[in-house]
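K.L.:
Residue numbers (this note's numbering), protein chains in the order written: chain A, 11 to 412; chain B, 1233 to 1506.
C-beta: ideal position from N, C-alpha, C; glycine also.
Pasting a structure below so you can have a look.
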C-alpha cells in the first residue's frame, strides 16, 4: 500500500517515483548537510518561533481571507474567497520561503546567498531577506528577463543584491537555475542557494513546501472561522508550484476538498507555446529532480511561453507529479487571453490588481464557481499583486506607460 | 572483457598512463566528430569520451555548455550521434586501433530516450561505458545493473568534497575506472593542480583497485606531467572543445592540427620517464 500523501517525501526525497537528487557529486555533500540541518531546524521550537515572529512582524502574516462578493456575483454560483498573499511584504507568497531559508542559512553559518529569478519576484524576496539579515546576495537572472523586468532589477540592486545577467542557453529562468547551481558547486562551503520553488533536488521540494504551507494552514483555519466549514474547492496557479503546494498540502487529507492546479496554457498546445507541464508533459529529469517535464523525444528541455513570467517554467515540483498520478489534485490549464481578461475583471470588480499568475487561477475559480451551489465555497490562492505586470498588460493593450 | 578493462590492464603492464580526451558530439558537426576521434587516435589517445549535448548541463563550464548549445541549435539528435560513432568505430577497427569510447550523457537523456534502447544502441555503436554526471551513486543502482547486462561500464565520479566514507560507496558502485574531479565546481581549464587532490588520490588507492583518472581543469602537458605519477589516466575536455569551436577563421583541418599538437604534447608528458 502506498504511504499516506501527508507523510511524503520519504528519506530519499521521493514522492512515489518522483523527486530524488539528480545532481553532480559536487553538490551531494551540500544537499546532505542542508537536509540534516533543516531536519533539525524544523523540530527546533526556537527556530520555528523565530520564523513565525518574522512572518508576523516583517511579512505581515496572517494574510487576510477575503470574501470576493462581486466576483462571486459575476460567477453566479459558489462563494469565492481570496487568500491575500498579495498583501505580504514584497507583494507575493515568495517571501514566506525566503524568510525560512534565510534564517536557515544564518543558522548554518553560511556567509553568502545566491538565488535564481525569472520575472524577479523571488529575486526581490531573496534580496529583501538578505538585506534584513545583512547577507551578501547574488541573483541569477536571464538576460531576456533583465531587459523585460527593469523595475525588479532596480529593486534588487537598491537592496544591495548583485544581479547577474545570464547569457547562456535560453537566457531565461531555466538557465538562471543552471547558473545558480554551477555557482553553488564552486562555492558550496560558504554559500546557501535559496531556491524559489518546490523544484530542484531533495530537500528543496519538501523544505519550500513546508515554508509555504503557512498559506494553506491559515486558510484552513480562516475558512472554518468564516464559513464554519472547509472549502469545497481550492484553486491555485502552478508554475514550479510553490504557492499551490503550500496551499494544497494542509488540505491533502481532507477528501471533501477538491484541489485544482492551474497551469499556463499560453497561446496554444503546440510545443514552445505554453508552460502546461503537468497537463502536456511527461515524466523526466530537470534541475536535479524527477518529475513532469516539457521536453523532446531525446530529453532536451523544450521552450516555454506564458503571458505570465512566473509560470513560464518547463518543469514542475515532484510532489505535484505524484498528486496528479494519485488523482488527489486535478490540473488544468488557462490560456493567455483568458488570464488577461481575468486581470481586468478582478481589477474592475474588486479593486484588486492580480498578478498574471494569479489571474490564471481566477479564470478557473470563476468557471468552477459558476457550476456550484451558492452554499458552496471556492478558495483561491491570490498569490501576488499585479503591479509588476502593469507594463506588460499595457503593452498588450497597446498603451505606453514608460 | 570490456575494452576499458583491457586498456587499463595493458597500460598497467607497460607502466603507462591513459590519455583520455573529451569531445562534444556534433560540434561543429558529426562529420568533424568522426574526423576528430580518428585524429585523437593518431595522436596517442587511449580512450575517447564523447559528450552527448544536453540542453541543461549543470556540471559543465562555459566552453562545453556553449558547444552543447551550438550542437543542439543545429538539430542534433541522439540517434545521429550513434550513427557517427559507429562510423568512427568502423574506421578505427580497420586501422586496428581499440580505443574505447565512453559516453558522457545526462540522466535526462537516458530516461527520455529509453534506457534499454540507449544501452543497446550505445553497445552497437562502439561504446564501452557511460559517465552520467548528474546521477549520484544513490540513484544509480538500477542503471548500473541494466548496463552490466549489456557489458557496459558505469563510471562514477568522486569530487574534492566527497567524504572518504562516501567515496568508498562510490568506488564500489563504479566500474571501468573512477573519474576524480580535480576541483569543486564545473569543467574548465585551470592553471594549477590542487595539493589536496594528491592526498585524496592516495587514500582512494586504498579504497579501490579501479584505475583513477583525473579530469576537470587538465588542459596542458605540464598538468599531465605533474599528475602522471599519481594517476592512471588524465581527462582533457574544455581545452580540446575550445579548439573545435568556430572562431570564424580556423578551418577543420587547422583545428585538427592544433588538437593533434596538444594531444601529442600531453601524450609525451605522460610518457616521460619518471
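1. List, in chain order, every chain B residue whose beta-carbon is nearer than 8 Å to that of residue 297 (chain A).
2. Enumerate, from N- to C-terminal direction, the unbroken beta strand (DSSP E) stretches of 3 or more residues contained entirely within the region 22–98 of chain A.
3. Just to confirm the assignment, what range does the beta strand (DSSP E) spanning residue 301 (chain A) have?
4. Below 8 Å on the Cβ atoms is my contact criterion, and I expect residue 120 (chain A) with residue 201 (chain A) to pass it. Report the Cβ-Cβ distance as a whole number of Å.
5. Within a Cβ cutoff of 8 Å, which residues of the same chain sit near residue 236 (chain A), ignoring the five residues on either side of it in sequence?
6. Look at the alpha carbon of residue 66 (chain A) and the alpha carbon of residue 106 (chain A), and state the distance between them as a whole number of angstroms.
7. Who are the neighbours of residue 155 (chain A) on chain B, taking C-beta pairs under 9 Å?
8. Express the C-alpha separation of residue 1308 (chain B) and residue 399 (chain A) in angstroms, rounding to a whole number.
9. Span of the beta strand (DSSP E) holding residue 169 (chain A)?
10. Just verifying my parser: in three-state terms, what is the DSSP assignment at residue 269 (chain A)?
11. Could I get the ranges of all uninterrupted beta strand (DSSP E) runs contained in the region 1279–1310 of chain B, with 3 residues as the minimum, in chain order?
12. Quick check: is the beta carbon of residue 1306 (chain B) nearer than 7 Å to any beta carbon in chain A?
13. If you draw a straight line from the C-alpha of residue 210 (chain A) to the C-alpha of residue 1389 (chain B), how long is it?
14. Can you confirm whether residue 311 (chain A), when its beta carbon is compared against all beta carbons of chain B, has any partner nearer than 7 Å?
15. In terms of residue numbering, what span does the beta strand (DSSP E) encompassing residue 1250 (chain B) cover?
16. Just to confirm before moving on: does the CB-CB distance between residue 1430 (chain B) and residue 1462 (chain B) stay below 7 Å?
17. Specify whether the region 189–199 of chain A and the region 226–235 of chain A touch according to this definition: at least 3 beta carbon pairs, one from each stretch, less than 8 Å apart.
18. Which complete beta strand (DSSP E) runs does the region 1434–1483 of chain B hold, if anything under 3 residues is left out?
19. Closer than 8 Å, Cβ to Cβ, to anything on chain D: give me those residues from the region 326–353 of chain A, in chain order.
20. Quick check: is the beta carbon of residue 1297 (chain B) nearer than 7 Å to any beta carbon in chain A?
21. Going by beta carbon distance, what residues of the same chain come within less than 6 Å of residue 1320 (chain B), once the five residues before and after it are set aside?
22. Out of A:372, A:59, A:100 and A:154, state which residue places its alpha-carbon closest to the alpha-carbon of residue 347 (chain A).
23. Output needed for residue 178 (chain A): all residues of its chain with C-beta closer than 8 Å, excluding positions within five of it in sequence on either side, in chain order.
24. Quick one: list the residues of chain A neighbouring residue 1393 (chain B), beta-carbon separation under 7 Å, in chain order.
25. List, in order along the chain, the chain B residues whose C-beta lies closer than 9 Å to that of residue 242 (chain A)?
26. What does the alpha-carbon distance come out to for the pair residue 362 (chain A) and residue 355 (chain A)?
27. With a 10 Å radius around its C-beta and 16 neighbouring C-beta atoms as the bar for buried, classify residue 160 (chain A) as buried or exposed.
28. Give the interface partners of residue 31 (chain A) over in chain B, defined as CB-CB distance under 8 Å, in chain order.
29. Count the other C-beta atoms from every protein chain shown that fall within 10 angstroms of the C-beta of residue 1367 (chain B), then say buried if there are 16 or more, exposed otherwise.
30. If I follow the unbroken beta strand (DSSP E) through residue 244 (chain A), where does it start and stop?
31. By the criterion of Cβ-Cβ separation under 9 Å, what are the contact partners of residue 1378 (chain B) in chain A?
32. Would you call the region 1238–1245 of chain B in contact with the region 1392–1407 of chain B, where contact means no fewer than 3 C-beta pairs closer than 8 Å?
33. Using a Cβ-Cβ distance cut-off of 7 Å, determine whether residue 1345 (chain B) contacts chain A.
34. Using a Cβ-Cβ distance under 7 Å, would residue 191 (chain A) count as near chain B?
35. I believe residue 263 (chain A) touches residue 16 (chain A) by the beta-carbon criterion, under 8 Å. Please report the beta-carbon distance rounded to the nearest angstrom.
36. Taking 7 Å as the CB-CB limit, is residue 301 (chain A) close to chain B?
P.N.:
Checking against the coordinates, here is how it stands:
1. 1288 and 1290
2. 75–77 and 89–94
3. 299–303
4. 6 Å
5. 75, 77 and 91
6. 10 Å
7. By Cβ distance, chain B contributes nothing, its closest Cβ being about 17 Å from residue 155 (chain A), past 9 Å.
8. 37 Å
9. Here residue 169 (chain A) belongs to no beta strand (DSSP E), and DSSP marks it neither H nor E.
10. strand
11. 1280–1283
12. no
13. 21 Å
14. yes
15. 1250–1256
16. yes
17. no
18. 1444–1447 and 1465–1468
19. Absent from the structure: chain D. Protein chains present are A and B.
20. yes
21. 1266 and 1269
22. A:372
23. 185, 188 and 189
24. 36, 39 and 198
25. Under the 9 Å cutoff, chain B gives no residues; its nearest Cβ is about 38 Å from residue 242 (chain A).
26. 9 Å
27. exposed
28. 1368, 1370 and 1371
29. buried
30. 243–247
31. Near residue 1378 (chain B) there are no residues of chain A at all, since even the closest Cβ is about 16 Å away, more than 9 Å.
32. no
33. yes
34. yes
35. 5 Å
36. no
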